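The opening position of the sequence shown corresponds to residue 1 in the UniProt record's numbering, with each subsequent residue numbered one higher.
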Amino acid sequence: MSTKRHVPGIHPYNGPAGGWGALKATAIAVKTQMDTLVAPKALLNTNQPDGFDCPGCAWPDKNHYSTFQFCENGAKAVTWEATSRRVTAEFLSKTPVSTLLTRSDYELEGYGRLTQPLRYNASTDTLQPVSWEEAFSLIGNTLQGILPEQVEFYTSGRTSNEAAYLYQLMIREYGCNNFPDCSNMCHEATSVGLPHSIGIGKGTVSLEDFDKTELIISIGHNPGTNHPRMMGTLHEAARRNVPIIVFNPMKERALERFADPQNPLEMATYQSTDIASSYYQVKAGGDAAALKGIAKALLEAEVINKDVLDHSFIEEHTLGFSEFADDLRATSWQAIEQASGLSVAQLTRVAEHYANSQATIITYGMGITQHEHGTENVQLIASLLLMRGNFGKDGAGICPLRGHSNVQGNRTVGISEKPTERFLQDLDHFFGIRSPREHGHDAAAAMEAIIRGESKALICLGGNFAVALPDPKHCFPALKELELSVHIATKLNRSHLLVAKETLILPCLGRTEIDRQATGLQSITVEDSMSMVHASAGKLKPASPALLSEIAIVAGIAQATLPHSRINYAYYVEDYARIRDAIEATIPGFTHYNQRIEQPGGFRMPLPPTQRQWPTPSGRAHFMVYPGLNEDHALSEQQALRLITLRSHDQYNTTLYGLDDRYRGVFGRRDVLFMNPEDMSEQGLEHGDVVDIVTALPNCQAKMKNITVIEYAIAKGSVGAYYPEANILIPLSYRDQQSGTPAYKALPVKLLVVENNIA
């Protein structure tokens with residue numbers, strides 16, 4: 001990093017990821033959030049067979065008997081939920097919502113846990129206590145007076161399988177398929193793209209595959225922050241000398257060097273392990289070009305060496321290879337180099353490594369999915385794996401890196417705006433209802449319906465709906481025009497404060513807390529990113545005696561809204577095993593559900609491609625052609641930079657644990673723009689200058705003001721700013737047309753220098 005000017009809060013971090021820095025950060029999180037007597041119980045029950053699943057990332061656990069199964073950011077997630085801080089009704093009744101709206105999300109969540117149901121009082125502009133009975137009655141009466149298609153039902157990825165299933169059952173009995181959920185904003189491109197390629201919208205690898213792989217290609221993710229337990233797996237692979245090839249616009253410390261806090265030798269000697277064997281800084285938005293370049297190099301190598309491609313696999317198991325190959329031949333190297341920012345030599349070198357590996361895993365994150373062409377990016381990864389038969393064998397496959405610990409499970413148990421006919425038939429037959437068949441809204445479509453005034457109510461089972469979406473200029477005011485908004489949550493956030501004509505905030509149990517119902521202590525289940533379904537049971541005393549579980553709250557809403565329902569929702573609240581029996585009866589793959597979750601680690605959902613079975617209409621996997629390279633609305637490379645939105649190391653989605661981004665050398669601030677030094681020179685900027693960022697799209701005048709430019713190792717032509725602050729620059733319409741995923745990555749922007757522009 002440049003030293004020519006001191007910038008407050010900016011100084012390089014020279015240590016590895018993990019190590020003593022991670023232990024120190026964990027200790028600080030515990031000290032500032034929790035009672036020191038409670039913290040050990042919380043952390044030592046995290047990710048244990050008889051404990052609770054970490055409310056953070058969805059990476060699975062390899063050793064279900066270890067006493068130390070949490071990472072730095074997992075500890076932050078646990079202590080953030082299990083905090084001893086409380087936001088009291090007394091404080092809220094005296095503090096106007098208009099005042100709370102001036103506070104940051106970091107401050108709002110920092111107040112602590114919600115302790116009782118709240119209702120917005122417009123005359124005092126405050127949140128006032130309300131009874132559960134009054135809250136449910138208000139919701140039921142309002143929903144009975146609104147057409148079902150005018151209500152949006154949001155789901156967060158931290159919702160359990162049981163709560164999500166009961167929620168979708170209530171909503172379908174009510175009469176709509178409006179299921180915006182957090183998957184729509186992260187991995188919907190996976191859920192939409194992979195079924196066309198391999199027949200399912202999930203990854204195909206297991207943790208055991210990482211023990212057997214010969215090559216890992218990592219594209220568009222930062223595991224040290226967003227799925228940090230993965231670092232243990234990458235650390236082990238690197239120490240076995242498995243090549244790990246990284247494609248990422250930014251240099252990320254965790255992908256460079258990592259010291260495992262569970263490795264006594266590394267901790268005692270202050271050593272670390274190199275993670276990436278090769279690091280390629282692909283240009284933001286250049287992923288499709290890079291993937292096509294690797295595939296094109298393989299095809300050219302096949303001319304010389306006929307064993308590069310797996311011809312028997314391609315012939316027996318796939319369709320569309322000829323068209324895919326023709327498109328690669330028609331794509332020029334010049335176009336690939338310009339779009340990717342990488343050279344022919346670099347991409348050919350990756351292809352050589354790939355050709356020499358008999359078992360390859362490709363992992364990817366939101367750097368692949370959150371694009372205008374996210375679905376095509378995902379399909380190109382699948383096609384690259386198909387070229388060498390890297391499905392259905394040990395040590396190989398595709399590995400999408402989900403964020404929330406149950407975002408995949410929610411989709412499995414029915415949270416989908418496009419349900420299959422088979423699922424609806426089974427649901428209707430078992431419960432004696434008639435589910436609607438019309439497809440509903442995803443997250444972006446739901447917000448557009450709210451903005452147009454077509455949707456009148458919003459029910460959120462967790463999450464920070466408005467803040468997570470792009471375009472707050474249009475989204476925030478629209479929520480205030482709703483007839484009703486309901487938020488089921490553990491802490492305050494900004495979406496709660498965008499109050500409608502009637503707004504309710506309903507506090508729920510967290511995953512760390514004891515859940516006792518009529519038949520005794522309850523456990524819930526979650527599905528991790530490798531399709532393992534396992535139990536989770538809270539161990540801590542609830543933050544307030546007034547809290548209800550998500551399942552009890554959903555049932556309360558259902559009973560008030562559907563008073564003549566044939567479904568006894570209270571029956572399912574009494575014993576969550578009854579919900580699991582219903583899931584088993586209506587969704588394939590859950591056979592002996594209650595019995596199998598008693599085993600440590602649970603069980604794995606069916607993944608046909610691991611057996612080289614392809615549940616596509618043709619019965620084969622498909623090579624998918626992406627004929628073009630990204631064109632940003634006719635903007636040339638010289639006219640616009642490409643903006644990536646980023647999460648800091650002290651962040652999980654919209655939740656901020658602190659204001660530091662340790663590995664990137666940013667401390668106590670978030671108003672920065674990461675920029676390549678060559679781009680800075682070309683634009684006449686220096687480290688520490690202040691700029692306005694302007695969206696460079698037609699008919700969009702969005703601007704982010706007074707941002708400090710800092711020199712960073714980021715691909716030329718690419719810049720980075722923090723999410724969700726930079727969402728102000730992204731139009732809601734700027735999204736992948738196939739999946740609806742907002743294009744938070746590679747937004748065309750321009751920079752305007754601010755007068756007296758020194759930070």
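Each residue gets a CB set at the ideal place from its N, CA and C atoms; glycine is no exception.
Computed from a predicted model, the values in this text were never measured in an experiment.
ask   = Per DSSP, ALA259 forms a beta bridge with which residues?
value = According to DSSP, ALA259 bridges with GLY18.
query = Looking only at its own chain, which residues have a Cβ that is under 6 Å from the Cβ of HIS11, when we skip the five neighbours before and after it?
reply = Annotation for HIS11: GLY665 place their beta carbon closer than 6 Å to its own, counting only its chain and skipping 5 residues before and after.
ask   = DSSP puts LEU319 in a beta bridge; with which residues?
value = Answer is HIS622.
ask   = Cβ of GLY157 within 8 Å of Cβ of GLY510?
value = Not closer than 8 Å, so no.
inquiry  = With H, G and I counted as helix, E and B as strand and the rest as coil, what does DSSP make of GLU417?
reply    = Coil.
inquiry  = Suppose the cutoff is 6 Å on Cβ atoms and the five residues either side in sequence are ignored; what does the same chain contact list for VAL625 look like?
reply    = The residues are GLU323, PHE324, ASP327.
request  = Pick out the complete alpha helix (DSSP H) segments inside the UniProt domain "Molybdopterin dinucleotide-binding" (641-747), 4 residues or longer, and give them in chain order.
outcome  = Positions of the alpha helix (DSSP H) runs, each at least 4 residues long and wholly inside the UniProt domain "Molybdopterin dinucleotide-binding" (641-747), are given as 677-682 in order along the chain.
task = Compute the Euclidean distance between the alpha carbons of ARG494 and GLY463, then round it to the nearest angstrom.
result = In this structure, the straight-line span from the alpha carbon of ARG494 to that of GLY463 is close to 10 Å.
request  = Let me know if LYS745 comes out buried or exposed under the rule of 16 or more other beta-carbons within 10 Å of its beta-carbon.
outcome  = Buried, by the Cβ-count rule.
inquiry  = Does the segment 414-423 come into contact with the segment 438-454, if we say contact requires no fewer than three beta-carbon pairs (one atom in each stretch) closer than 8 Å?
reply    = When Cβ pairs closer than 8 Å are counted between the two stretches, the segment 414-423 is seen to touch the segment 438-454, the count reaching three or more.
message = Quick check on the DSSP output: the beta strand (DSSP E) that includes PRO588 runs from which residue to which?
response = Per DSSP, PRO588 belongs to no beta strand (DSSP E) and is neither H nor E.
ask   = Which one of ARG172, GLY601, ALA445, PHE623 has the shortest CA to CA distance from GLY740?
value = Taking GLY740 as reference, the option from ARG172, GLY601, ALA445, PHE623 with the minimal CA-CA separation is ALA445.
message = When you compare the segment 552-564 with the segment 163-181, are there three or more beta-carbon pairs, one atom per stretch, that lie closer than 8 Å?
response = Yes, since at least three Cβ pairs between the segment 552-564 and the segment 163-181 fall closer than 8 Å, the two stretches touch.
ask   = So who's on the other strand from ASN121, going by DSSP bridges?
value = THR126, per the DSSP bridge assignment.
ask   = To the nearest whole angstrom, what separates the beta carbons of SER523 and TYR576, a pair I think is in contact under 8 Å?
value = Correct: roughly 7 Å between the Cβ atoms.
ask   = Cβ atoms of ALA351 and residue 775: under 8 Å apart, would you say?
value = Not covered by the structure: residue 775. The range shown for the chain is 1 to 759.
task = Pair every Cβ in the segment 85-98 with every Cβ in the segment 474-488, then say whether three or more of these pairs are closer than 8 Å.
result = Judged by Cβ distances under 8 Å, the segment 85-98 makes no contact with the segment 474-488, as fewer than three pairs qualify.
inquiry  = Quick check on the DSSP output: the alpha helix (DSSP H) that includes GLY409 runs from which residue to which?
reply    = Element bounds for GLY409: 407-412.
task = Answer with buried or exposed for ALA661, where buried requires no fewer than 16 other C-beta atoms within 10 angstroms of its C-beta.
result = Note on identity: in this sequence residue 661 is Asp, with Ala being the wrong assignment. With 16 or more other Cβ atoms within 10 Å, it is buried.
ask   = Going by C-alpha distance, which of LEU255, ALA164, SER618 is nearest GLU316?
value = The residue with the shortest Cα to Cα distance from GLU316 is SER618.
ask   = Should VAL694 be counted as a contact of the ligand MN given a C-beta to heavy atom distance under 7 Å?
value = This structure does not include the ligand MN; it has no bound ligands of any sort.
request  = Locate the beta strand (DSSP E) running through GLY74, then write down its first and last residues.
outcome  = No beta strand (DSSP E) holds GLY74; the alpha helix (DSSP H) holding it covers 72-81.
query = What's the call for SER66, buried or exposed, on a 16-neighbour Cβ count within 10 Å?
reply = With a pLDDT of 47 at SER66, under the threshold of 50, the modelled position of this residue cannot be trusted, and the question is left open.
query = Going by C-alpha distance, which of THR616, ASN177, LYS24, GLN370 is nearest SER197?
reply = Relative to SER197, the option among THR616, ASN177, LYS24, GLN370 whose CA is nearest is THR616.
task = Figure out for me which residue from SER681, ASN390, GLY224 has the closest Cα to the Cα of ALA17.
result = Ranking the options by Cα distance to ALA17, first place goes to GLY224.
key: Coil, strand or helix - residue 809 by DSSP   = Lying outside 1 to 759, the shown extent of the chain, residue 809 is not represented and no answer is given.
query = Looking only at C-alpha atoms, which of LYS306, GLU574, HIS534 sits nearest to GLN599?
reply = With distances taken between Cα atoms, GLN599 lies closest to HIS534.
request  = Using three-state DSSP, classify PRO600 as helix, strand or coil.
outcome  = Of the three classes helix, strand and coil, the one that applies to PRO600 here is coil, per DSSP.
message = Just verifying my parser: in three-state terms, what is the DSSP assignment at GLN527?
response = As written in the sequence, residue 527 is Glu, which differs from the Gln given in the question. Looking at GLU527 - three-state DSSP - the assignment turns out to be strand.
key: Counted within 10 angstroms of its Cβ, other Cβ atoms place THR591 as buried (16 or more) or exposed   = By the neighbour-count rule (16 or more Cβ atoms within 10 Å), THR591 is not buried but exposed.
ask   = Alpha carbon to alpha carbon, what distance is there between LYS705 and ASN630?
value = Note that ASN630 has pLDDT 45, beneath the 50 cutoff, so the model's placement of it is unreliable and the number below is only indicative. So the alpha carbons of these two residues sit roughly 28 Å apart.
key: For PHE623, the nearest candidate out of PHE321, GLU300, SER277, MET231 (CA to CA)   = Checked all of PHE321, GLU300, SER277, MET231; the closest Cα to PHE623 is PHE321.
query = Roughly how many angstroms separate the alpha carbons of GLY232 and LEU401, rounded to a whole number?
reply = One C-alpha to the other measures close to 15 Å.
ask   = Does DSSP put ARG86 in a helix, a strand or coil?
value = In this structure, ARG86 counts as strand in the three-state DSSP scheme.
ask   = Based on the DSSP output, what are the partners of ASP181 in its beta bridges?
value = The partner list for ASP181 (beta bridge, DSSP) reads THR155.
key: LEU203 versus GLY365 - alpha carbon distance   = Note on residue identity: the sequence assigns Gly, not Leu, to residue 203. About 12 Å.
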